[in-house]
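Working notes for the structure below.
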Amino acid sequence: MLLYAATLVILGAFVAIYTALQLEGPAEIAGNPAALLTLRATALPAFVAIPFVTPWLARLAAGRRAGLALVVAAASAVVIAMTASGVVGPALLLAVFAFAFAIGIAAPSVIETVGGLAGRARGTAVSLFTFFLFVGASLGPQAASALAEYGFAVLVAAVAVALLAGATLILTASAIRAR
């Protein structure tokens, strides 16, 4: 259950960050479809890189890898939050790249952990993972919209806190499993 609770955060945070950028982000981005498209495109190289780094990352246990990936995503979200009043530049682009990369590492790492724990019920466990992943994706824009009135930095900081909570749940589940 800890892993499923953490799964809500994975795509929830991803969608919330992009919703935050669209609704309340830096002036050069918020409400500018071309700028948003360009910013979203910075995630593509991150997703392309993931299969190439996976053999190296596989040296870490899947639960640890997922937890650390969410910590990296949270740190990236903090950098994204700091761009709220600044000029859009390389720091934002690199932070969005790192954020997307970390989320792209976390999702398959959690599914590997869930599948490893499920034994013969692997199909059901992966189906539940998918359910929680998409529920999180559906809740992300709702949360971003609800927090938008507090400003971009607060909204993205809340996402960072949620990511750290998810990392804690995953690392706790991994520690329990190791016993």
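FYI, in numbering that gives the first Met the number 0 the residues of the sequence shown are 0 to 178. We put the CB at the ideal spot given by N, CA and C, even for glycine. Computed from a predicted structure; not experimentally measured.
Coarse secondary structure for residue i, derived from DSSP in three states
i	result
T53	helix
I28	coil
A15	helix
G150	coil
T41	coil
R121	helix
R176	helix
Residue environment, residue i, which counts as buried when at least 16 other CB atoms sit within 10 Å
i	result
P25	buried
V14	buried
V70	buried
V160	exposed
F151	buried
G66	buried
T129	exposed
Contact set for residue i: own chain, Cβ-Cβ below 6 Å, skip 5 residues either direction
i	result
L22	A147
G165	A5, V8, L69
I49	G103
L91	T82
A80	A152, V155, A156
A105	I9, A65, A68, L69
Close-in-space but distant-in-sequence residues of the same chain around residue i (CB under 8 Å, 5 per side omitted)
i	result
A172	L1, L2, A5, G62, T112
Sequence-distant residues of the same chain with beta carbon closer than 7 Å to residue i, five excluded per side
i	result
V78	A90, A94
Assess contact between the region 166 to 178 and the region 52 to 65, defined as three or more Cβ pairs (one per stretch) separated by less than 8 Å. Is contact present?
Yes, the region 166 to 178 touches the region 52 to 65.
Quick one: any contact between the region 1 to 12 and the region 127 to 141, if contact means 3 or more CB pairs under 8 Å?
With the cut-off at 8 Å, the region 1 to 12 and the region 127 to 141 touch.
Restricting to runs no shorter than 3 residues, where is the beta strand (DSSP E) found entirely within the region 59 to 111?
DSSP assignment within the region 59 to 111 yields no whole beta strand (DSSP E) run of 3 residues or more.
So does the region 116 to 126 actually touch the region 37 to 46, counting three or more Cβ pairs closer than 8 Å?
Proximity of the region 116 to 126 to the region 37 to 46 falls short of the contact definition, fewer than three beta-carbon pairs being nearer than 8 Å.
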